[in-house]
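Visitor: Residue 93 in the UniProt record's numbering is what sits at position 93 of the sequence shown, and the numbering runs on without skipping anything.
The C-beta atom is built at its ideal place from N, Cα and C for all residues, glycine as well.
Before we start, here is the structure in question, set down as structure tokens.
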Amino acid sequence: MSYYGESDTTPNTPNIHPSTSRLNYRRSFRHPQPTPPPVPARPHQYASTSAINEEFTTSVLKRNVQPLRVNKKDSNRPQPVTPISPMISDNYPSDNASLSPASVVRRPTSHSRTSSVYSMESRVEPFYGRHTDDEHDAMFNQLTIEEQEQQDLSQAIEMSKSEVSQPFSVDDNDQSTVSSHLHSAGSSIGESRQTYNTPDTTAYNTSDEHHNGVPSDVTWNQDESTFVKKERMRQHVENHNLKKWQSDMEDVTSEWHNLVSDDTLKAFGKVEIARQSVLFEFMRTEKMYYNDLHFLEEVFVPPIRDSNMIPEERRAQFVKDAVFNLSNLVANHKRGLMRIFERQNEEHPLIESVADLILRACIIWQDDYEAYIKHWPIQEATLKAEMRNNKKFADHCEACSRHPKAQRQSIIPLLQRPVFRLPRYPLLLNRMLDNTPEDHSDRENLPVAARAISDIAKSTQPGIEQSNNKVKFWEMASSLDFRLGELHDVDLLDDIRTLQHDGILFKRERSATDLHGWHAKKVFVMDNYVLITEPSQKKKTDAIRYSLTSRPIPLELCHIEEVNPSPTHRTNCLLSDERRSDGSRILFTHIEPEREVHGMVLKHVGNGKEYKLYASTASERDTWKFKISEAIAIRRTFIEANKLIVSKTLTNSIFQQSVLSQADKYEKSGSNRINSASMFKWGSRNYVSLATSSGVYIGYEDDKESYRKVIGLKGVEGVTVLSQYSLMILLVEGQLYGYDLEEICPTSSRGPKRKFGRIRLCSSSEKVTYYKVGSTIGKSAIITYVSHKVLHKSTAQFFEPLPVNARLQAYQDVNRVKKPKREVWIREVMPALSLQTTGIATVLFPFPSSKHVAVIDEGVLRVLDPTNSNRMLTLPRLHGHNYQVFKDRHQARQYQLNIANISDQISRGKLKPIELFTVKSGEYIMIFDTLGLYVNEKGVPLKSANVLRWNGTVNNAAIEGNLLLLFCETFIEIRDKRTGKLSQIIRLHKDVRLASQNSLRGEDMVVVERYARSHKPYGLFDHAFKLTCNV
């Protein structure tokens, strides 16, 4: 006969065997024990009490809970509907089949749930069945918590009254069987910690009229009904305590033994009690941790995001830096805590394992934790800086720290909780492992979870160091003081900027009051520059400021030179004055003890300056050299991978200048020196023409050995090919000549189709000193040259090339006996300009407008109108402008000082104008040999008259899209023409020059450098290569 009686008498009660299946499962992986007597089921196992539990949850959720979406993919095994804390979870979504009780396939299993984290069979299913009646649940939605608890208790009492008709009723003939089971269960309590302790029925005093809330008029069989009622009431109290702990999110002090009855504690051994206490500690601390994260998301973040506490233009970036992915952590731990509560509702008071929950959570929030911890140094620095500079934000943080839920913690420690929580997980898991029996499956699963979390924590270390460097860089950037009157190009606002190394080095600089002149310098090694600064502090309470004592050294132009490895003695000899009693002052010398220092030399290859710096020890000096060399290598690799301008070699070693490699590398004259170059497409091939002092060479672009001399004229200074006009222009010893390209480079194997010979494009009485081909508005090509006659000033003339058909028609005219003149080759498009000099003047392309021409004459850049010689503008315009545009007097004063400085340099001839380029409509940039200056259409300096300092002396410049190319003696600077930011430096050898003589759009630039070879063929060579924009 079954202990549960006939189940078909009550149609709403399922025929289940909860206790036997539960205890048999636990005995499957521990010491085998005799089968204990069946323990009466808990009240919430029945359909009616199941509805009560659901209504209790629903009523609380409606008042306190925000809805939570649970993705199906987050749960890989059946999840029964269980009462969840109202602060954590809302009703499960109806479309999630994995969380529906109907979708749970209940299969008996005999292995541990942690044997496979993702296995559907590995989960121990709840030992009770649930039936949900939505109509029945709806009537409880309006109940309060107290009413629900009272109704829950009354339900248990009513079920105890109907003991005869319920499945727990026992027939009188089965007294011996019950007694035998009770005896066997009592004898096994001390032998196994897995069995429940059977209550002592004789200790239950039934004479009390209202014992445990049971009315005195209830009648039942005293032996069985007392046992059943006490067991039911025990389970009801334990479930009630658990619900109360889960629903009260502020309860973070309760322990496991506070939620269970004394009978349950007696049923477990000390080892199991310790294990359950450790498991509950993990759950309790997880609940406390979630409370802190939820407090930050609900109380701290919304006022920052929704109010004007932070200015709108930087609010989004501030929230990103100060909060980062906190919402992801909150959502992940919300789901994790929900699963913990589910596990408690299924297995309380004996939780089998949480290793599977931890492993699943570890996989889910691994990326979020790595990102948060790596970002924390930046987050902390952002919060501290905002607290210092924003009083509203500081007051908000103070108000949040006084909030009761903050538990007297400030905002920064609360936001730092994830950083310390992650390393604490392995400690909790190790404590669980210490209290786990040897034959338990957690012996294998807990170390796996601990190692997984430890690996995540270790993987964040490089990111933390990188973020710390980023914070140091921000602190350095905020305390830097650049030279006044200059636009620095360090580009501190770029996200890729990092600080590689920093520290104190010594430099010797004598002064009137310091005879030895040893000064401490703060040196910063960034990813693009080396900064040498001098720290200063006006007051002890003020922040330290770092003033640049020299130009920033780009890593591409930084070179470490070897010096004498022997140490140098550093002695400071300071002159100080002391006031006498009579008011006079007396000077005295203060000498500091000698110290050994070890030197190294940093050289700026661009301007040739050397900086001799000293470290306190030899190992420190070696560290500095290694860090700088490493930063140079990283920068070189970065530039190689992100080139804005790429080069292609055009020549090999045919243009040899000298057999001896020790010859003068700066010799500008030579038979094979490349003076000019031009690239063109003729037929189906790309050609390169090179002008040397011995003649003109032409070769294929893709064949370095194909160059042949095609014109044998001596002293060729320039060459330009206009293939669309079949015209080659040469500047030879002050004369400008033209050739038909078909005659020089035939397209047919039978020879040239036409022979025009050489035509003079200038007057024979003129001496051409400069020519250039460019384009302007409305004209595809303009030929301009500057010439002068004897005892006359220079003149700039402008011509347009004519199509080849014009000269063909002229040569076919039978009435003409003589060869046609230049009128059939070129025609004048603008009136000639009379210049102020008898020397060399240059015309700049492109023109500032269709009616104006920019000319450099006598070292002064002027904008002229060819149609009106009286209209002339000299750039820059440093006088007659209005200073009242500045609201700040300090800015206006600094503007006047900058203007005065530029005017002084121009008047003393220290600035040589090179080019004038258009930045955008109404804004231009003037290129001088040592600096750049932005001006408007009237020539007035812009950007507060701050100048751009180049890293070397510029001899030529060009524009390629938005890139500004500056050609110096040994390198090419590539900058953004709109901001002046340095983007790339191309290191070359010697005598770097722009060989192209045209400024036509779409034409490739040809650059020439001179270099020496130590192997055969040895000597000095001119090397030509093409530059192409890679943007």
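Relative to the C-alpha of H852, which candidate in G859, F393, S869, R388 has its C-alpha closest?
Guide: In the sequence shown, counting from the first residue as 1, residue 852 sits at position 852. Taking only the C-alpha atoms, the option nearest H852 is S869.
Visitor: Label T776 either buried or exposed according to how many other C-beta atoms from any shown protein chain fall within 10 Å of its C-beta, with 16 as the threshold for buried.
Guide: Against the sequence shown, residue 776 aligns to sequence position 776. So T776 counts as buried.
Visitor: Would you call the CB atoms of F928 and G952 closer than 9 Å?
Guide: In the sequence shown, residue 928 corresponds to position 928, counting from 1. In the sequence shown, residue 952 corresponds to position 952, counting from 1. It is not a contact, given that the beta carbons lie outside the stated cut-off.
Visitor: Shortest alpha-carbon distance to N686 belongs to which of M288, V721, E717, K539?
Guide: For the purposes of this step, residue 686 is taken as residue 686 along the sequence shown, with counting starting at 1. Comparing Cα-Cα distances from N686 to each of M288, V721, E717, K539, the minimum goes to V721.
Visitor: Kindly confirm or deny that the stretch 340–353 and the stretch 316–329 touch, where touching means at least three C-beta pairs closer than 8 Å.
Guide: no
Visitor: Could you round the C-beta distance between Y614 and H598 to whole angstroms and report it? I think they count as a contact, below 8 Å.
Guide: Within the sequence shown, the letter at position 614 stands for residue 614. Within the sequence shown, the letter at position 598 stands for residue 598. Confirmed, about 6 Å.
Visitor: How many Å lie between L650 and G695 at the Cα?
Guide: Mapped onto the sequence shown, residue 650 falls at position 650. Mapped onto the sequence shown, residue 695 falls at position 695. Spanning the two alpha carbons is a distance of roughly 18 Å.
Visitor: Would M476 pass as a contact of D495 if the rule is Cβ separation under 9 Å?
Guide: For the purposes of this step, residue 476 is taken as residue 476 along the sequence shown, with counting starting at 1. For the purposes of this step, residue 495 is taken as residue 495 along the sequence shown, with counting starting at 1. Taking 9 Å as the Cβ cut-off, M476 and D495 do not qualify as a contacting pair.
Visitor: Can you give me the C-alpha to C-alpha distance between N672 and V688, rounded to a whole angstrom?
Guide: Along the sequence shown, read from residue 1 onward, the residue named residue 672 stands at position 672. Along the sequence shown, read from residue 1 onward, the residue named residue 688 stands at position 688. Going by the C-alpha atoms only, they are around 16 Å apart.
Visitor: To the nearest angstrom, how far is the alpha carbon of S780 from that of Q809?
Guide: Here residue 780 refers to the residue found at position 780 when the sequence shown is read from its first residue. Here residue 809 refers to the residue found at position 809 when the sequence shown is read from its first residue. Each residue's alpha carbon lies about 23 Å from the other.
Visitor: Is H501 helix, strand or coil when you go by DSSP?
Guide: Counting from 1 along the sequence shown, the entry for residue 501 is found at position 501. Three-state DSSP puts H501 in a strand.
Visitor: When the Cα atoms are used, what is the spatial distance from K755 to L727?
Guide: As a first step, residue 755 must be located in the sequence shown, where it is residue number 755. As a first step, residue 727 must be located in the sequence shown, where it is residue number 727. So the two alpha carbons sit approximately 13 Å from each other.
Visitor: Considering only the beta carbon of each residue, do V252 and E238 sit closer than 9 Å?
Guide: The residue given as residue 252 occupies position 252 in the sequence shown. The residue given as residue 238 occupies position 238 in the sequence shown. In this structure, E238 does not lie closer than 9 Å to V252 by Cβ.
Visitor: How do the stretch 359–376 and the stretch 445–462 stand: do at least 3 beta-carbon pairs fall below 8 Å, yes or no?
Guide: yes
Visitor: With DSSP run on the structure shown, which of helix, strand or coil describes N901?
Guide: As a working mapping, residue 901 is identified with position 901 in the sequence shown. Here N901 carries a helix assignment [DSSP, helix/strand/coil].
Visitor: Identify, in the order they occur along the chain, each residue of the same chain with its Cβ nearer than 7 Å to the Cβ of S459, setting aside the five sequence neighbours on each side.
Guide: For the purposes of this step, residue 459 is taken as the residue at position 459 of the sequence shown. If we look at S459 and ignore the five residues flanking it on each side, its Cβ neighbours are E370.
Visitor: Does the distance from the CB of L802 to the CB of L761 come in under 9 Å?
Guide: Working through the sequence shown from its first residue, we reach residue 802 at position 802. Working through the sequence shown from its first residue, we reach residue 761 at position 761. Cβ distance not < 9 Å, so L802 and L761 don't count as in contact.
Visitor: From the DSSP output, in three-state form, read off Y707 for me.
Guide: Translated into the one-based positions of the sequence shown, residue 707 becomes position 707. If DSSP states are grouped into helix, strand and coil, Y707 belongs with coil.
Visitor: So M309 is in the beta strand (DSSP E); what residue range does that whole segment cover?
Guide: Position 309 of the sequence shown, counting from 1, holds the residue named residue 309. Note, M309: premise wrong, no beta strand (DSSP E); not H, not E.
Visitor: Given this structure, state the Cα-to-Cα distance separating C1029 from N642, to the nearest angstrom.
Guide: Along the sequence shown, read from residue 1 onward, the residue named residue 1029 stands at position 1029. Along the sequence shown, read from residue 1 onward, the residue named residue 642 stands at position 642. Pairing C1029 with N642, the inter-Cα distance amounts to about 12 Å.
Visitor: Could you tell me which uninterrupted alpha helix (DSSP H) segments, each at least 4 residues in length, are contained entirely in the stretch 451–532, listed from first to last along the chain?
Guide: 461–478
Visitor: Roughly how many whole angstroms lie between the Cα atoms of R315 and I378?
Guide: Taking the sequence shown and counting its residues from 1, the one referred to as residue 315 is at position 315. Taking the sequence shown and counting its residues from 1, the one referred to as residue 378 is at position 378. R315 and I378: Cα-Cα distance of roughly 16 Å.
Visitor: Check each candidate in G778, E823, Y771, E717 and name the one with the smallest Cα separation from I759.
Guide: For the purposes of this step, residue 759 is taken as residue 759 along the sequence shown, with counting starting at 1. The option with the nearest alpha carbon to I759 is E823.
Visitor: Going by C-alpha to C-alpha distance, which of K521, I639, E486 sits closest to residue 1066?
Guide: Summary: the structure shown does not reach residue 1066, with the chain confined to residues 1 through 1031, and so no result is reported for it.
Visitor: Rounded to the nearest angstrom, what separates H236 and K230 at their Cα positions?
Guide: As a working mapping, residue 236 is identified with position 236 in the sequence shown. As a working mapping, residue 230 is identified with position 230 in the sequence shown. So the alpha carbons of these two residues sit roughly 10 Å apart.
Visitor: If you check the beta carbons only, do L844 and Q797 fall under 9 Å apart?
Guide: Here residue 844 is taken as the residue at index 844 of the sequence shown, counted from 1. Here residue 797 is taken as the residue at index 797 of the sequence shown, counted from 1. Taking 9 Å as the Cβ cut-off, L844 and Q797 do not qualify as a contacting pair.
Visitor: Please classify S629: is it buried, with 16 or more other beta-carbons within 10 angstroms of its beta-carbon, or exposed?
Guide: For the purposes of this step, residue 629 is identified with residue 629 of the sequence shown, where counting begins at 1. Answer is exposed; the Cβ neighbour count stays below 16.
Visitor: If I follow the unbroken alpha helix (DSSP H) through T264, where does it start and stop?
Guide: Within the sequence shown, residue 264 is the residue found at index 264, counting from 1. Counting along the chain, the alpha helix (DSSP H) containing T264 begins and ends at 262–267.
Visitor: According to DSSP, which residues form a beta bridge with R862?
Guide: Position 862 of the sequence shown, counted from the first residue, corresponds to residue 862. BP columns for R862 point to V855, T874.
Visitor: Since Q984 sits in a beta bridge, which residues does DSSP pair it with?
Guide: For this step, residue 984 is matched to residue 984 along the sequence shown. DSSP lists I974 as partners of Q984.
Visitor: State the start and end residues of the unbroken beta strand (DSSP E) segment that holds C397.
Guide: The residue labelled residue 397 in the question sits at position 397 within the sequence shown. Note, C397: premise wrong, no beta strand (DSSP E); alpha helix (DSSP H) at 391–401.
Visitor: Is the distance from the Cβ of V1006 to the Cβ of H1023 below 9 Å?
Guide: Within the sequence shown, the letter at position 1006 stands for residue 1006. Within the sequence shown, the letter at position 1023 stands for residue 1023. The answer is no: Cβ separation not under 9 Å.
Visitor: In three-state terms, what does DSSP make of L964?
Guide: Position 964 of the sequence shown, counting from 1, holds the residue named residue 964. Of the three classes helix, strand and coil, the one that applies to L964 here is strand, per DSSP.
Visitor: Going by DSSP, name the residue or residues bridged to A958.
Guide: Indexing the sequence shown from 1 puts residue 958 at position 958. Answer is L965, bridged to A958.
Visitor: Applying the 10 Å Cβ sphere with the 16-neighbour rule, what's the burial state of K243?
Guide: Translated into the one-based positions of the sequence shown, residue 243 becomes position 243. K243 is buried by the Cβ-count criterion.
Visitor: Under a Cβ-count criterion, where at least 16 other Cβ atoms within 10 Å of its own Cβ denotes burial, should M872 be classed as buried or exposed?
Guide: Within the sequence shown, residue 872 is the residue found at index 872, counting from 1. Here M872 is exposed: its Cβ has fewer than 16 other Cβ atoms, across all protein chains shown, within 10 Å.
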